[in-house]
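Visitor: Here you go, one structure.
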Amino acid sequence: MDKEPDSKHEFSVDMTCEGCSNAVTRVLNKLGGVQFEIDLPNKKVCINSEHSVDTLLETLRKTGKTVTYVGLS
13 MDKEPDSKHE FSVDMTCEGC SNAVTRVLNK LGGVQFEIDL PNKKVCINSE HSVDTLLETL
73 RKTGKTVTYV GLS
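Position in the sequence shown (from 1) plus 12 gives the number in the numbering used here.
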């Protein structure tokens, strides 16, 4: 997928606790160039970034959680 400036992508991440959301925060901060919101009760992560969806998916999967791309939000 081509890079689009400031695209907001929504992902479903199998997070069950604050430790899970902290892991997501850690990997995204390490990637850099992202703004994101984590919705733990609904297991959603919205990321505003120029990175490709593939890069974001790969980064989120480093948490060891099941990650699914939902789409542009």
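In this text, a Cβ means the ideal position worked out from N, Cα and C, and glycines have one as well.
#1: Taking 8 angstroms as the cut-off, decide whether the C-beta atoms of V46 and L72 are in contact.
#2: In the DSSP assignment, the beta strand (DSSP E) including K20 goes from what residue to what residue?
#3: Buried or exposed for E75, going by 16 or more other Cβ atoms inside 10 Å?
#4: Could you have a look at K74 and say whether DSSP puts it in helix, strand or coil?
#5: What's the C-alpha gap between L52 and D66?
Guide: The answer reads as follows:
#1: As a position in the sequence shown, residue 46 is number 34, starting the count at 1. As a position in the sequence shown, residue 72 is number 60, starting the count at 1. For V46 and L72, no; Cβs fall outside 8 angstroms.
#2: Reading the sequence shown from its first residue, position 8 is the one you call residue 20. It spans S19 to V25 - the beta strand (DSSP E) in which K20 sits, taken as one unbroken run.
#3: Taking the first residue of the sequence shown as position 1, residue 75 is located at position 63. Looking at the sequence itself, residue 75 is Thr, so the reference to Glu does not match. Under this definition T75 is a buried residue.
#4: For the purposes of this step, residue 74 is taken as the residue at position 62 of the sequence shown. Here K74 sits in coil by DSSP.
#5: The residue labelled residue 52 in the question sits at position 40 within the sequence shown. The residue labelled residue 66 in the question sits at position 54 within the sequence shown. Cα-Cα distance, rounded: 22 angstroms.
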